[in-house]
């Protein structure tokens, strides 16, 4: 009887460990999304500020914004593709 209880306790601890690891992964993913979102918003704010001043955006600002939008890897979104299986 003692062996069965030990096995159940081990299964429970294994399950809890797996859940904890999954939660850590989700938190790390949320953090990467937050960082990438901030980069996109910073680029957008620079462009909007120039637009409000009736200035055209510099080529550098436009290129930076397009780079972030076109190349998610440089913005920290590398693992956010649907194929990665990561869900928020």
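Numbering (full-length UniProt numbering), first residue to last: 1 to 88. By construction, the Cβ of each residue, glycine as well, lies at the ideal position given by its N, Cα and C atoms. None of the values given here were measured: they were computed from a predicted structure.
Practice task
Measure the alpha-carbon distance for residue 24 versus residue 50 and round it to whole angstroms.
Solution key: Counting from 1 along the chain shown, the entry for residue 24 is found at position 24. Counting from 1 along the chain shown, the entry for residue 50 is found at position 50. Distance between residue 24 and residue 50, taken at the CA atoms: about 40 Å.
Problem - Cα-Cα separation between residue 32 and residue 38, rounded to whole angstroms - result: Sequence index remark: in the chain shown, residue 32 carries index 32 (1-based). Sequence index remark: in the chain shown, residue 38 carries index 38 (1-based). Inter-residue distance for residue 32 and residue 38 is about 10 Å (C-alpha atoms, whole angstroms).
Problem - Classification of residue 5 by the beta-carbon crowding that lies within 10 angstroms, buried from 16 upward - result: Residue 5 sits at position 5 when you count from the first residue of the chain shown. So residue 5 counts as exposed.
Problem - Within 8 Å, strictly: CB atoms of residue 40 and residue 68 - result: Numbered from 1 along the chain shown, position 40 holds the residue referred to as residue 40. Numbered from 1 along the chain shown, position 68 holds the residue referred to as residue 68. In this structure, residue 68 lies closer than 8 Å to residue 40 by Cβ.
Handout entry: Contact under 8 Å by Cβ, residue 46 with residue 61
Key = Here residue 46 is taken as the residue at index 46 of the chain shown, counted from 1. Here residue 61 is taken as the residue at index 61 of the chain shown, counted from 1. Closer than 8 Å, so yes.
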